[in-house]
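The structure appears below as structure tokens.
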Amino acid sequence: MKKISFITLLPCFLVFLVAQVSFSQVYKWTDEKGVTHFTDDISQVPGEFRPKAASIEAIQEREETKLEGESATAKKEGSYKDQLGRGEDYWRGRVEDWRKKLREQQDKLESLRIKYNGLTEKYNDSRSLTERANLRRERDKIKTEMDECSTQIDEARGMMDKKIPEEAELYKAKTEWIK
């Protein structure tokens, strides 16, 4: 039979001792001066403060319960997310970005149209062939830019009218977010 030495048992004893200490209760209490005290022995808390003394675990549980309650309230109030975790701000922001692009392109198209009409008037009033050729080239450039604006306007309208609503439906976003 083997003898079990003290050195062999020492680590086991220390593990047991540490485990016992780590599971002990710690109490928190505040005295009449407002000083907060901590102790692991409830008998160390003066009698008049014992009813108000609370274990640290109980305090943590109350805080966790409070946070869970706030989280549940936030969920009820509007923290619904689509299937990819995106909320109302994402969808409204996306629609607003496309609305902004649409307005910018419409404004640009209108200013180009005014410029184009001005060049057309100059072209019609001009008698010089070289001046007319220059005005025609300039007018053609503006016409190309107008066509590009029209294409971008169509893209923005398509995104807002078709693509974003389809994507919102696919990812189960609320329809009021994209209106």
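Position one of the sequence shown corresponds to residue -2 (this note's numbering), numbered consecutively onward.
We treat Cβ as the ideally placed atom computed from N, Cα and C, and that holds for glycine.
Ordered along the chain, which non-local residues of its own chain (more than five positions away) have a Cβ less than 6 Å from that of W95?
As a first step, residue 95 is located in the sequence shown; it is residue number 98 there, counting from the start. Take W95, set aside five residues on each side of it, and the residues of its chain with a beta-carbon closer than 6 Å to its own are A153, M156, M157, in chain order.
Are three or more beta carbon pairs between the region 81 to 95 and the region 113 to 132 nearer than 8 Å?
In short, these stretches do not touch, since the Cβ pair count stays below three.
Nearest-angstrom Cα separation, counted from I139 out to K119:
Position 122 of the sequence shown, counted from the start, is the residue given in the question as residue 119. Position 142 of the sequence shown, counted from the start, is the residue given in the question as residue 139. Between the alpha carbons of K119 and I139 lies a distance of about 14 Å.
With a threshold of 7 Å on Cβ separation, who are the neighbours of R129 within its own chain once the five nearest residues in sequence on each side are excluded?
Residue mapping note: residue 129 aligns to position 132 of the sequence shown, counting from 1. Excluding sequence positions up to five before and after R129, its CB lies within less than 7 Å of the CB of Y120, S123, all in the same chain and listed in chain order.
Beta-ladder partner(s) of Y24, from DSSP
Here residue 24 corresponds to residue number 27 of the sequence shown, with the count starting at 1. Paired residues: T36, S52.
What three-state label does DSSP hand P162 in the structure shown?
Within the sequence shown, the letter at position 165 stands for residue 162. Reduced to three states, the DSSP call for P162 is helix.
Alpha carbon to alpha carbon, what distance is there between V92 and E101?
Against the sequence shown, residue 101 aligns to sequence position 104. Against the sequence shown, residue 92 aligns to sequence position 95. If you take the alpha carbons of E101 and V92, they lie about 14 Å apart.
Please check the pair I150 and L106, which I expect to be a contact at CB under 8 Å, by giving their CB distance rounded to whole angstroms.
Counted from its first residue, the sequence shown places residue 150 at position 153. Counted from its first residue, the sequence shown places residue 106 at position 109. That belief holds up - the Cβ atoms of I150 and L106 are roughly 7 Å apart, short of 8 Å.
Given a threshold of 16 other Cβ atoms within 10 Å of its Cβ, counted over all protein chains shown, does L132 qualify as buried or as exposed?
The residue you call residue 132 lines up with position 135 of the sequence shown. By the beta-carbon neighbour count (other beta carbons within 10 angstroms, threshold 16), L132 is buried.
Just to confirm my understanding: we take E164, look at its own chain, exclude 5 residues before and 5 after, and list those with CB closer than 6 Å. What are they?
For the purposes of this step, residue 164 is taken as the residue at position 167 of the sequence shown. Excluding sequence neighbours, E164 sits near nothing in its chain.
Nearest to A51 by CA position, among G31, E142, F35, Y24, is which residue?
If you number the sequence shown from 1, residue 51 lands on position 54. For A51, the nearest C-alpha among the options comes from Y24.
Could you say which of I161, D28, H34 lies nearest to E45 if we only look at CA atoms?
Here residue 45 refers to the residue found at position 48 when the sequence shown is read from its first residue. The shortest C-alpha to C-alpha distance from E45 to any of I161, D28, H34 is the one to D28.
Could you check what DSSP says for L167 in three-state terms: helix, strand or coil?
Locating residue 167 in the sequence shown gives position 170, where the first residue counts as 1. Residue state, collapsed to three classes: helix.
Determine the direct distance from the alpha carbon of L167 to that of L126, and round the result to whole angstroms.
For the purposes of this step, residue 126 is identified with residue 129 of the sequence shown, where counting begins at 1. For the purposes of this step, residue 167 is identified with residue 170 of the sequence shown, where counting begins at 1. A direct Cα-to-Cα measurement between L126 and L167 gives close to 59 Å.
Just the Cα atoms here: how many angstroms apart are T36 and A170?
Taking the first residue of the sequence shown as 1, we reach residue 36 at position 39. Taking the first residue of the sequence shown as 1, we reach residue 170 at position 173. Computed Cα separation, rounded: 52 Å.
Suppose the cutoff is 7 Å on Cβ atoms and the five residues either side in sequence are ignored; what does the same chain contact list for E135 look like?
Counted from its first residue, the sequence shown places residue 135 at position 138. Here the set comprises L116.
Which of the three DSSP states, helix, strand or coil, is assigned to S147?
Numbered from its first residue, the sequence shown carries residue 147 at position 150. S147 falls in the helix class under three-state DSSP.
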